[in-house]
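Colleague: Numbering (full-length UniProt numbering), first residue to last: 1 to 162.
Every residue gets a Cβ at the ideal spot worked out from N, C-alpha and C, and that includes glycine.
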Amino acid sequence: MIREATPDDVPVILAMIGELAAYERAPEAAQATEAQLKEALFGPQPAAFALIAEDGDAPVGFALWFRNFSTWTGTHGVYLEDLYVRPEARGGGHGKALLAALAKICVARGYERFEWSVLDWNEPSIGFYRSIGAQPMDEWTVFRLTGKALHNLADASRVNGA
């Protein structure tokens, strides 16, 4: 049911990323290309990894993740960037199987944290995550620097000699 992604999976992963973006009410935000995804997942220095959920021979979901690091535990962890199961396959255990496969990676490698973000309006996912024992990190707020603000900060650091 769950397997590691291969380069041949890049088109279907990219399609599911688009489906996920539409579900999350931001279809225009999914701008990655097949070439970028192939390089990130299978290039000489992979930046991310992916698992595929299958029903028979048909890919029905994916999990895309990367390693992070905790200075508090002194160990790596897994950050789940995307978890998606196609609507027709939901309720079939694919999402839980993807999460279990990632938990197994954490345990096998001595990683002490497995983390991800969820939109606050996504009650079905929040309920699912709570049902498997995941705890919300309510005291934390995610910040993101992108676009013009990112470039402005980068330019400011050059002015100050950084």
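1. Can you tell me whether Arg3 is buried or exposed? The criterion is at least 16 other CB atoms within 10 Å of its CB, across all chains shown.
2. How many Å lie between Ala30 and Ala21 at the Cα?
3. Between Val78 and Arg113, is the Cβ-Cβ spacing less than 9 Å?
4. Would the region 9-21 and the region 29-47 be scored as touching if the rule is three or more Cβ pairs under 8 Å?
5. Give the secondary structure of Ile132 by DSSP, where H, G and I count as helix, E and B as strand, and everything else as coil.
6. Within 10 Å of its beta-carbon, does Val85 have 16 or more other beta-carbons around it, so buried, or fewer, so exposed?
7. Does Asp155 come out as helix, strand or coil in the three-state DSSP assignment?
8. With a threshold of 8 Å on Cβ separation, who are the neighbours of Phe69 within its own chain once the five nearest residues in sequence on each side are excluded?
9. Identify whether Pro46 lies in helix, strand or coil by the three-state DSSP scheme.
10. Mapping the DSSP letters down to three states, classify residue 195 as helix, strand or coil.
11. Count the CB pairs spanning the region 123-135 and the region 57-64 that are closer than 8 Å, and state whether there are at least three.
12. Please classify Gly43 as buried or exposed, where buried requires at least 16 neighbouring CB atoms within 10 angstroms.
13. Thinking just about the alpha-carbon of each residue, which of Leu51, Leu41 and Ser117 is nearest to the one in Ile105?
Modeller: This is what the structure gives:
1. As a first step, residue 3 is located in the sequence shown; it is residue number 3 there, counting from the start. So Arg3 counts as exposed.
2. By 1-based counting over the sequence shown, the position of residue 30 is 30. By 1-based counting over the sequence shown, the position of residue 21 is 21. Using only the alpha carbons, I get a separation of about 6 Å.
3. Looking up residue 78 in the sequence shown gives position 78. Looking up residue 113 in the sequence shown gives position 113. Against a cut-off of 9 Å, the Cβ pair of Arg113 and Val78 comes out as a contact.
4. Counting C-beta pairs closer than 8 Å gives three or more between the region 9-21 and the region 29-47, which meets the contact rule.
5. For the purposes of this step, residue 132 is identified with residue 132 of the sequence shown, where counting begins at 1. Coil.
6. Taking the sequence shown and counting its residues from 1, one reaches residue 85 at position 85. The residue in question, Val85, is buried, as its Cβ has 16 or more Cβ neighbours within 10 Å.
7. One-based indexing of the sequence shown puts residue 155 at position 155. It is helical.
8. Taking the sequence shown and counting its residues from 1, the one referred to as residue 69 is at position 69. Only Thr75, His76 and Gly77 meet the Cβ criterion.
9. For the purposes of this step, residue 46 is taken as residue 46 along the sequence shown, with counting starting at 1. Reduced to three states, the DSSP call for Pro46 is coil.
10. Outside the displayed span of the chain (1 to 162) sits residue 195, for which this structure offers no information.
11. In this structure the region 123-135 does not lie against the region 57-64, because fewer than three pairs of beta carbons, one per stretch, are closer than 8 Å.
12. For this step, residue 43 is matched to residue 43 along the sequence shown. By the 16-neighbour rule on beta-carbons within 10 angstroms, Gly43 is exposed.
13. Position 105 of the sequence shown, counting from 1, holds the residue named residue 105. That would be Leu51, whose Cα lies nearest to the Cα of Ile105.
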